[in-house]
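Have a look at the structure below, then the notes.
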Amino acid sequence: MSNPNSTFPDCQVYKRVGVIGGGQLAWMLGLAARDLGIELIVQTPSATDSAVSVARDVIYAPIDDLAATQALSQRVDVITFENEFVDLVGLEKLADAGVCFRPSLSSLAPLLDKLEQRQFLESLGLAIPKFVGADHVATLTEVSKTFAFPVVVKARRHGYDGQGTFVIKDVGAWDSFWQDRPDFNSFLIEAFVPFRCELGLMAARSVSGEVAFHPLVETQQEDQVCRRVIAPGPVSSEITSQAQAMAQTLLEALDFVGILGIEFFLTADNQLLINEIAPRTHNSGHYTIEACHTSQFAQHLLAITGRGLGNPDLQSPAGVMINLLGFETATSDYGEKRQTLSQIPQATVHWYGKTQAYPGRKLGHVTVLLHNQEPETITKTLSQIESIWYS
1 MSNPNSTFPD
11 CQVYKRVGVI
21 GGGQLAWMLG
31 LAARDLGIEL
41 IVQTPSATDS
51 AVSVARDVIY
61 APIDDLAATQ
71 ALSQRVDVIT
81 FENEFVDLVG
91 LEKLADAGVC
101 FRPSLSSLAP
111 LLDKLEQRQF
121 LESLGLAIPK
131 FVGADHVATL
141 TEVSKTFAFP
151 VVVKARRHGY
161 DGQGTFVIKD
171 VGAWDSFWQD
181 RPDFNSFLIE
191 AFVPFRCELG
201 LMAARSVSGE
211 VAFHPLVETQ
221 QEDQVCRRVI
231 APGPVSSEIT
241 SQAQAMAQTL
251 LEALDFVGIL
261 GIEFFLTADN
271 QLLINEIAPR
281 THNSGHYTIE
291 ACHTSQFAQH
301 LLAITGRGLG
311 NPDLQSPAGV
321 MINLLGFETA
331 TSDYGEKRQT
341 LSQIPQATVH
351 WYGKTQAYPG
361 RKLGHVTVLL
371 HNQEPETITK
381 TLSQIESIWY
391 S
């Protein structure tokens, strides 16, 4: 693994980074940028957005404001993205004029539409659930030829944290679902996977083609929102190697520069299937801030600024990350709960500065470093944190 401060002879090293988006991912990117001596400027619409507090400067504008992005490009060396909800067609005009985006727009293009993402992964020979565009199976008779209930219906664009994903359990639910959604073309249908567990992998690639992987972790979802992450995941070295090989195939096929998150299903018979790709930093990688030598945020910055990648390995035997999800509609900073959580040994509380809570909203997260990987230790730690937060 390269020294994180090393450079490659053919790679120009950048020191000024622009970020389109100013939420908690950009906030954590900003904290990492400070440690690396990188200047970060964000384009975001509101002064209350999380990243405003850590950015060197802010351009206040919607993330799809191309004039603002052009202004941003004149103040930075490279522009990256907090999320994938971007206007590729508009940004291509800036790229054609010489603006440097990392990851490149061509790397993002096959991933933004979930149907096109599935087709791209299939073309690479990577294992995925059975799928089809909803316009091809608009009737119950047609869908029953390909799938057995339950089936999963996903919005092709702009779905995250379970939004835009629907599990259809039977014929009645199928008919009811489509009554209010006449636009079949905007959906993807997939086979429901009865997985043993869900896994996540953060994979990075530098300008020179160097690749590095953070540990393969277990992710636990509730209502299709990530609630817990356990590092490392309880899987064999063979499964880890398989996940890394799939990630490397993807990174190289995309000529990707930066970090991306891959969500996997692991079935009862040890089949590894790619669920989704997030071409950015990801919730399943937040544990890396404390638990790994190089966080996912630092790794992304090292990659996109032309430096060598850092050491992604764990620096403790294990770690857990628990999302602090909203459980009520309220205006509160939950200071007392956060103070109690911070007193847990080896715990670090991250609070995103959001003033309005509502059920399921990601308000912060807690990472706890563990001295062993025993299931009893992990379960006890998770229960302790959640009993404090949700009580």
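Those letters in the sequence shown? Residues 1 to 391, by this note's numbering. The C-beta atom is built at its ideal place from N, Cα and C for all residues, glycine as well.
Asked, Found
"Can the beta-carbon of THR329 be found closer than 7 Å to that of TYR358?", "yes"
"Do the stretch 238 to 245 and the stretch 174 to 193 make contact, defined as three or more Cβ pairs closer than 8 Å?", "no"
"Between which two residues does the beta strand (DSSP E) harbouring PHE131 extend?", "131 to 133"
"CA-CA distance, ILE392 and GLN220?", "Nothing about residue 392 can be reported from this structure: the residues present for the chain run from 1 to 391 only."
"Do you know how far the Cα of VAL13 is from the Cα of ILE385?", "41 Å"
"What three-state label does DSSP hand ASP57 in the structure shown?", "strand"
"Give the straight-line distance between the Cα atoms of ALA68 and ALA268, rounded to the nearest whole angstrom.", "49 Å"
"Based on Cα-Cα distance, which residue from LEU66, ILE38 and PHE131 lies nearest to PRO45?", "LEU66"
"By Cβ distance below 7 Å, which residues in the same chain neighbour THR294 in space, the five residues on each side in sequence not counted?", "PRO4, GLY310, ASN311 and PRO312"
"Suppose you measure from the CA of ASP180 to the CA of TRP174; what does that come to, to the nearest Å?", "11 Å"
"Enumerate in chain order the residues of its own chain whose CB-to-CB distance from ASP87 is below 6 Å, with the five nearest sequence positions on each side excluded.", "ASP64"
"Can you tell me which of the three DSSP states THR48 falls into?", "coil"
"With contact counted as at least three CB pairs below 8 Å, one residue from each stretch, are the stretch 264 to 280 and the stretch 105 to 119 in contact?", "yes"
"Could you give the distance in angstroms between the alpha-carbon of ARG156 and the alpha-carbon of ILE20?", "22 Å"
"Quick one: any contact between the stretch 365 to 377 and the stretch 340 to 349, if contact means 3 or more CB pairs under 8 Å?", "yes"
"So is VAL257 buried or exposed if we call it buried at 16+ other beta carbons inside 10 Å?", "buried"
"Between which two residues does the alpha helix (DSSP H) containing GLY90 stretch?", "88 to 96"
"Comparing alpha-carbon positions, which option in LEU216, LEU124, GLU116 and THR48 lies nearest ASP132?", "One point to set straight first is that residue 132 is Val, not Asp, in the sequence displayed. The residue with the shortest Cα to Cα distance from VAL132 is GLU116."
"Just tell me which of LYS169, LEU250 and PRO103 has its CA closest to the CA of SER305.", "Residue identity check: residue 305 is Thr in the sequence provided, not Ser. Of the listed residues, the one whose Cα sits closest to THR305 is PRO103."
"When the distance is taken between beta carbons, is MET202 closer than 7 Å to GLY98?", "no"
"To which residues of the same chain is ILE378 closer than 8 Å at the C-beta, ignoring the five residues directly before and after it?", "ILE230, ALA318, VAL320 and LEU370"
"Helix, strand or coil for PHE149, going by three-state DSSP, please let me know.", "coil"
"Rounding to the nearest angstrom, what Cα-Cα distance links ALA26 and GLY261 in this structure?", "16 Å"
"What's the C-alpha gap between SER237 and ARG227?", "25 Å"
"Among residues of its own chain, excluding the 5 on either side of HIS300, which ones have a beta-carbon nearer than 6 Å to its beta-carbon?", "GLY258, ILE259 and THR281"
"Pick from GLY308, TYR334, LEU250 and LEU254: whose alpha carbon is nearest that of SER107?", "LEU254"
"Considering only their Cβ atoms, is the gap separating PHE85 from HIS158 smaller than 7 Å?", "yes"
"Would you mind working out which of GLN339, ASP77 and ALA61 sits nearest LYS15, comparing C-alpha positions?", "ASP77"
"How is the beta strand (DSSP E) around LEU367 delimited, first residue to last?", "A small fix is needed here, since residue 367 is Thr in this sequence, not Leu. THR367 -> beta strand (DSSP E) spans 362 to 370."
"Look at the alpha carbon of LEU40 and the alpha carbon of VAL58, and state the distance between them as a whole number of angstroms.", "9 Å"
"What is the rounded straight-line gap between the Cα of PHE147 and the Cα of VAL217?", "30 Å"
"Taking all protein chains shown into account, decide if GLY308 is buried (16 or more other Cβ within 10 angstroms of its Cβ) or exposed.", "buried"
"Looking at the secondary structure, which residues open and close the beta strand (DSSP E) in which PHE213 lies?", "211 to 213"
"Hey, quick one: how far does the alpha helix (DSSP H) through LEU121 stretch, first residue to last?", "114 to 123"
"Given a cut-off of 7 Å, decide if ILE128 and LEU273 are closer than it, judged by their beta-carbon atoms.", "yes"
"If we ignore side chains and look at the alpha-carbon of each, how far apart do THR240 and LEU94 end up?", "39 Å"
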